[in-house]
Each structure stands twice: as C-alpha cells, then as structure tokens.
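Heads up, the thing below is written out as structure tokens.
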C-alpha cells in the first residue's frame, strides 16, 4: 500500500496527538489585560485596521481575548477570559481546503503555516476554521497612502517577519521566527534548545504568566506538566482537529 | 360533420407548432426578420444596460481590485458573501439550458424544439457571470492562474484535495462543453443565415457556418456529434452543481456539512433555471417579431408543468435537508436553524419558502394559468428571487453562526450590490446582442419536427402521428 503520509496527501496526514510545540493557557489567572494581543501585533507586524474596520469585524489579531457572559439580564455573570489563537491543529480543517496549497503543515515544527505569497485570497480556510482565528488583509493596511496612521508605526516593524499585502490570509505561527532563532543559536553552540529558553511574544508579555509555551513532546517540559493537570481542556476536540493548545479552567 | 372535423384539425394546428408547418423559405425569412427588426426601444435599453455594465461591473471591479476586498461587505465570520451567492445563482441559471436542450432532446420531448437555443444561450451567458462573480470574490485575482494545473519551474501544483479545485475544473469543463453544445446545432442555422444575408453579416455567418452546405454526410456527422454531446453533457451538468455544493458540504461547518446538498443543489439549480427560461421566453415572445408563431402557450404550459414538478422536488429536498440537520441534534446546528427562521433575516427564510413552494404550487396546477406567459413570468421571477434568497441563507447568513460565538456578526453587503446588478445587466446585454446576431429559434430543428408530425384521419378521428426521423 502507498503510504499517504510519504506522498504528502493532506487528508491522510495523521500525526501523533501531541505534536511538537504546544501551549497551555491558564484561564483562571488570565486578567484579560490584552498584553498578549498587543505584543503579538508588535512581534508579527500585524496591521492596524482602523476604527471603522475593527468595528465591522475586520480587526486583524492572531490572538484575541474572548469574553462571555452567563445568564440573562440582570442576573449576569462574567465567565473566564478566553485568549483564543490558532490551535495549530494536528489535523487542521483549514489545510485541505486551500486550492493553492497556501496553508501548509510544517513537517519540521508541526505547526500550521501560511505562505503569504502563494495565497490567492479565496478565504476558504478562514471559513473552515472552527476557531475562527485566521485574519484576512481586507485592504492595504500597511500602505501609507491608504492608512496614514501607519506612517510612524512603520519604524517599529519586526525585521524578522514579512509585511503582508491586501488580499492574503494570515495567522498565528507560534512565533516561528523565534523558534528558528533559538534553534539556530542552540545548533551553533552544539546543544538542544532548552525548555523555557525562549517563548512566544504573547507568553512573554503576559504579566500573570497565564500563557506557557514549549515542547509538548517532551514530558518533562513545563508546558507538558501543566497540560497533564486534570482540568485541562482542548477546544472543539470532538471535531478531530488535534489542537495543540490546552486551556486550564476551574482548577484552583 | 366535415366542418366539425375541420374545426378540430384547425384547433390542433393553432395549438401546436409541430402541427402548423409553414414553407421553409417563409420560416427562414421570419427568423431572419426577427433578428433584423430592431426598434429604437431596443437601443435605449441596450444603452442603459451598457452604462450599468460599465459602471456596475467594470468600474466597480476595478476599484475592488485596486483597493482590496475591504470595499465589499465580507468580514469575519462571513468570509464569503454575495459574490459566492451570485456564483451559485448564475451556475444554477445555466443549468436550465442543458436540462432543456440535452435531457429533453434525449427523451425526445417535442415541445423543446423552438426554445432549445434560447435556453442554451442562457447556459453560456450564465456561466460567464458565474465566472465573473467567483473572480470578484478572490483577494488577489491577478494571481488566480495559480489555481490552474500548469507545469512550472518550481514544481508547484494546485491542491486537488480542495473542493475549490474540483469546482474550477467542473465549471471550466461545463463552460467549454456547453459552448460546443450551443454551437453544434447552430451550424445549419448559421448556414441558413449566411445564404440570406449580405455585407459584414455575410462574412460573420460565413465564418461561423464552417462551410456547411447541408449534404447528407454533413447532417450525419452533425447528428452524431449532437447525440454524443447530448448524452455526455448530462452527467457534466449534474456533476457541476453537485461539486458546487461540495464547496459547502465538505466544510467543517454547522448547516453546511449535509450529505443531501448534492442533489438539493442540482434541483435548486433547475428550479431557478426553469424560472429564468420561462422569463426569457415570455420576453422574447412579447418583444421580438414573428416569435408568437414559434413560441406558443403550449410551450409555457409544458415548462410550467416541469416547474411545478421541480418545485415539488425542491420542497422534498429542502425538507429532507432540514429534517436530517434538525434530527442530528448538534447544538450549533440547532442555533443555526433557529437563526435562519427567527433571526433578523428570518423574513428571507419565509419568503424563500413562499416564492419557491407556495406560489408555484398555488398557480402552476392550473392549465389555463400556466399557459399564460405573464403569469408564468411572474412565477419564474419569484422563484428566482426565492432561489437567490436560498443561496443567501446558505452562505452569508449561515456563516454568521459558527462554533466560536465570540465572532458572531452580521454581514452587510457593500460593493457587492453594484457588482451583482452589473452581472445581471451584462447577462441581459449579452442576450440582447445575441438576439441580433444568432437565430434565437433553431429553425432547422423546428422544420425537422414539423416534417415528422402529421395529422391523419382514422375514420372520424383526427390523430396526431409522429414518425422517427433519426
């Protein structure tokens, strides 16, 4: 029989459930301060879409802090803040639907990546993402002629990350540029990347330390130890997406 | 007694085009005359539509390309909007042409003869609008050729796991095959027009007639080719809309991943397509010269019957789809079904059912009503509105409900509206231009049918007899 994994057939791509990189988000200690959202935007050159587009559901964030309420007015109770980002699914629904192979699974890092310059903008991936965590460049937000606010903000672009044009999809990469930097450094020093040596922008910025990032295939890493706690939840696991982000809620 | 028989015969001739033959030359002249007689009203409408196409379609599309999809109404979570609604709608319209000319040809339904061409033109022009709509939808349309499987140095290939790739192949196949199928029966009529015209028209028809002279060999080849196409295009037609439905059915979304979507979409396409055919026929009959001879109440009656049956089939599939989704008991699907009926656009859901089911059922059962061109015109128009609503409910309205409630948000169309009106205007414009250049009635097919039919007397009874020509 042909091994479909070897020939690269996407539908047949089944990996071990744990993957390589993963994250644990502790909703019990998240204060909803949005520092992760800001840090992510700075790190990844995410466009500022302006008030009007943001109000119309076009804000481009790779991570967002969701808020929910329980009950009906006036007996309303706020639930936990829920930072939502790409779950880097092992079997991602966004991947097989792209007609141009613009959203691909990184074999080396086991994350889901977007190839910006291959994207033609059908937006099928975003429709098919059950977490709704992909963001689309509706306009040329990084063009000064269109978005005057970007003129000065341009100076803080991260040189390690591409600036995207209009008409392409983008998404959380688990700060792949940081992963590569850490791996290159470790390799030049002839060692493995140590747990906690680097982290993603959102985890780094979190003042409550609610976000932990690391190797989920290493049982001794902090992220694996946290994920093993009894109250870990993976979102929409029933769809068979094999999410790599564990949410801790209602622990202590 | 003789008088009574004579009257019965007269009545049959008035009713049925196939029993009311005219001399060949006269009929050819009638069709040529219908192409050449152009009133000032035609040019006024033509001019208005040209302006709408220039502004609504080309100027707006240019802006869309230059400024980005942001000027349309799409957002998160409604990443797909009216562009996709229009794509599905126009592909649906295009189905009627093949249905009428291929399926009815294969089943030898004689009433099809005078309007197969009118229906086939709808297929081709409808697919053009569908193509426009899907390309408008894309974020970077200038690189859309990447979706084609062409050999390139980088070894990049489209993803054949994506339903959109299937779609592209299916629609391209359908456009090419339906255009060829439109052209084949056109050849003898082009030859007829060539022999009857002068000037630039003569050159135009000369090229398109491919030197057809009407020899026995040519007719044999033509008939063979048409037979092959008629049978081969039927599965293509069914596959196209089934594959369009898989864009939705293969997705991981509540309300979309329904196994019944394939046949449900095909029947929906036929529903809107038949409605569109009957509208076109009513307009052609009312506005073009000599068309009252070719298109008669019997044709509206026959299409009306088909519309009623298709409406019933559509109602069955709608009910089936609803039932299975509701019975599945998934909490997101439950939310979605509630949103369809009781959400802010619930009126659209009810209007869809009234236009697609209630009104056709209430009117088309009556033979007298469905023989009236203007009654069926209105019914066809309402069916098309209802079927557009159906696609609107499936795409932007269903997209507002997903498994991430934090992102739920309404969709408000932007530049989609002028662009949608532009595609409609362009469809009508192409049709009007075609009505001046192409014989809208396949004269030779009508003549062939009339030759096969005759009235014979058996005792006192006048009987319609049909001989097999092929």
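Protein chains in written order, with the numbering used here: chain C, 18 to 269; chain P, 35 to 504.
Note that CB positions come from ideal geometry on N, CA and C, so glycine has one too.
Beta carbon of residue i nearer than 8 Å to that of residue j
| i | j | result |
| --- | --- | --- |
| residue 329 (chain P) | residue 192 (chain P) | no |
| residue 153 (chain C) | residue 173 (chain P) | yes |
| residue 454 (chain P) | residue 134 (chain P) | no |
| residue 168 (chain C) | residue 47 (chain C) | no |
| residue 223 (chain P) | residue 473 (chain P) | yes |
| residue 264 (chain C) | residue 44 (chain C) | yes |
| residue 114 (chain C) | residue 134 (chain C) | no |
| residue 78 (chain C) | residue 109 (chain C) | no |
| residue 42 (chain C) | residue 227 (chain C) | yes |
| residue 160 (chain P) | residue 127 (chain P) | yes |
| residue 256 (chain C) | residue 72 (chain P) | no |
| residue 107 (chain C) | residue 253 (chain C) | no |
| residue 186 (chain C) | residue 150 (chain C) | no |
| residue 116 (chain C) | residue 198 (chain P) | yes |
| residue 104 (chain P) | residue 86 (chain C) | no |
| residue 353 (chain P) | residue 301 (chain P) | no |
| residue 481 (chain P) | residue 58 (chain P) | yes |
Among the options, the one whose alpha carbon lies nearest that of residue i
| i | options | result |
| --- | --- | --- |
| residue 68 (chain P) | P:324, P:102, P:172, P:277 | P:324 |
| residue 205 (chain P) | P:248, P:273, P:314 | P:273 |
| residue 64 (chain P) | P:266, P:394, P:286, P:226 | P:226 |
| residue 392 (chain P) | P:374, P:377, P:408, P:414 | P:414 |
| residue 357 (chain P) | P:294, P:136, P:433 | P:294 |
| residue 460 (chain P) | P:248, P:83, P:62, P:50 | P:83 |
| residue 297 (chain P) | P:282, P:286, P:288, P:275 | P:275 |
| residue 236 (chain C) | C:157, C:245, C:229 | C:245 |
| residue 38 (chain C) | C:136, C:158, C:212 | C:212 |
| residue 80 (chain P) | P:464, P:492, P:493 | P:464 |
| residue 175 (chain C) | C:40, C:64, C:50, C:41 | C:64 |
| residue 470 (chain P) | P:231, P:353, P:268 | P:231 |
| residue 359 (chain P) | P:291, P:482, P:189, P:301 | P:291 |
| residue 367 (chain P) | P:257, P:432, P:239, P:269 | P:432 |
| residue 251 (chain C) | C:184, C:105, C:125, C:87 | C:105 |
| residue 238 (chain P) | P:152, P:498, P:57, P:221 | P:221 |
| residue 423 (chain P) | P:167, P:351, P:475, P:389 | P:389 |
| residue 155 (chain P) | P:99, P:468, P:186, P:483 | P:468 |
| residue 153 (chain P) | P:189, P:476, P:426 | P:476 |
Terminal residues of the alpha helix (DSSP H) in which residue i lies
| i | result |
| --- | --- |
| residue 456 (chain P) | 450-471 |
| residue 204 (chain C) | 193-205 |
| residue 154 (chain P) | 150-171 |
| residue 422 (chain P) | 407-426 |
| residue 144 (chain C) | 141-145 |
| residue 54 (chain C) | 52-60 |
| residue 404 (chain P) | 401-404 |
| residue 170 (chain C) | 167-170 |
| residue 474 (chain P) | Counting along the chain, residue 474 (chain P) falls outside any alpha helix (DSSP H), and DSSP gives it neither H nor E. |
| residue 54 (chain P) | Counting along the chain, residue 54 (chain P) falls outside any alpha helix (DSSP H), and DSSP gives it neither H nor E. |
| residue 71 (chain C) | 68-72 |
| residue 394 (chain P) | 393-398 |
Extent of the continuous beta strand (DSSP E) to which residue i belongs
| i | result |
| --- | --- |
| residue 177 (chain C) | Element bounds for residue 177 (chain C): n/a, residue is neither H nor E. |
| residue 492 (chain P) | 487-492 |
| residue 101 (chain C) | 99-102 |
| residue 38 (chain C) | 38-43 |
| residue 496 (chain P) | 495-500 |
| residue 293 (chain P) | Careful: residue 293 (chain P) lies outside any beta strand (DSSP E) and carries neither H nor E. |
| residue 266 (chain C) | Per DSSP, residue 266 (chain C) belongs to no beta strand (DSSP E) and is neither H nor E. |
| residue 163 (chain C) | First-last for residue 163 (chain C): undefined, no H or E at that position. |
| residue 83 (chain C) | 80-83 |
| residue 130 (chain C) | 129-131 |
Supposed contact pair residue j and residue i - C-beta distance, whole angstroms, cut 8 Å
| i | j | result |
| --- | --- | --- |
| residue 507 (chain P) | residue 407 (chain P) | Within the shown structure, residues of chain P are numbered from 35 to 504, placing residue 507 (chain P) beyond reach of any answer. |
| residue 52 (chain C) | residue 223 (chain C) | 6 Å |
| residue 123 (chain P) | residue 345 (chain P) | About 17 Å separates the two Cβ atoms, so there is no contact after all. |
| residue 271 (chain P) | residue 132 (chain P) | 4 Å |
| residue 429 (chain P) | residue 114 (chain P) | 5 Å |
| residue 492 (chain P) | residue 333 (chain P) | About 28 Å; that fails the 8 Å criterion. |
| residue 111 (chain P) | residue 436 (chain P) | 5 Å |
Cβ-heavy atom distance, residue i to the ligand PLP, below 7 Å
| i | result |
| --- | --- |
| residue 215 (chain C) | As presented, the structure is devoid of all ligands, the ligand PLP included, so that no description of it is given. |
- What runs of the alpha helix (DSSP H), each 4 residues or longer, lie entirely inside the region 203-257 of chain P? 220-230, 233-243
- Item | Within the region 298-380 of chain P, ranges of the alpha helix (DSSP H) (whole runs, at least 4 residues) | 325-328, 331-362, 365-376
- Segments assigned alpha helix (DSSP H), at least 4 residues, entirely inside the region 204-264 of chain C: 218-222, 239-244
- Task: Give, in chain order, every unbroken run of the alpha helix (DSSP H) that is at least 4 residues long and sits entirely within the region 65-116 of chain P.
- Result: 74-86, 94-101
- Query: Whole beta strand (DSSP E) runs in the region 101-127 of chain C with 3 or more residues, listed along the chain?
  - Reply: 120-122
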